[in-house]
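*Asks:* Residues 0 to 115 (numbering that gives the first Met the number 0) are what the sequence shown spells out, left to right.
Where a beta carbon is used, it is the ideal one built from N, C-alpha and C, also for glycine.
Small disclaimer: the values here were computed from a predicted structure and weren't measured.
Before we start, here is the structure in question, set down as structure tokens.
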Amino acid sequence: MEVDMIVDWIKCKTNVWCNLQTVKLEHEHFTDLVGVYIIWSGEDVVRIGSGVIKDRLSDHRNNEEITAYSDLKVTWAEIDNQSMQGAEVYLANELNPKVGDRFPNVDPISVNLPWD
């Protein structure tokens, strides 16, 4: 599939997705990092969002709608401020997350999915 933007989805170890509850958000990797993220549990995409990654993931760790799901995995991709909301809309349309229904009112920007 042709996409508007190729992004680099982050894993915590080689071929291992990060755990939402244990990923070290204080690591220097997260300093000033903005982009999009996907949180999932098994086959269910739970939440998609964009913004300052460490702040958003920290908030989601305490959200009972999200933490009701078990073994939450997360990945994120750095995307500039101009494009991240469009990418968020595209991901929400494609993956239909279980939690969250307010997405930016912008044109979608297609990106590669982390599992492709």
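Beta carbon of P96, beta carbon of V44: below 8 Å?
*Replies:* It is a contact, given that the beta carbons lie within the stated cut-off.
*Asks:* Please list, in chain order, all residues of the same chain as S109 whose beta carbon is under 6 Å from its beta carbon, the five residues on each side excluded.
*Replies:* So the list reads V2, D3, Y89, once near-sequence residues are dropped.
*Asks:* For K10, does the count of other Cβ atoms within 10 angstroms reach 16, so buried, or fall short, so exposed?
*Replies:* Answer is exposed; the Cβ neighbour count stays below 16.
*Asks:* Taking the alpha helix (DSSP H) that Y89 belongs to, which residues open and close that run?
*Replies:* Start and end: 80 to 94.
*Asks:* Does the pairing of the region 60 to 68 with the region 79 to 93 give three or more beta-carbon distances under 8 Å?
*Replies:* Result no; under three Cβ-Cβ pairs closer than 8 Å.
*Asks:* Ignore the nearest five residues each way along the sequence and tell me which others in V33's own chain have a CB closer than 8 Å to its CB.
*Replies:* If we look at V33 and ignore the five residues flanking it on each side, its Cβ neighbours are S49, G50, V51, I52, E77, I78, D79, N80, M83.
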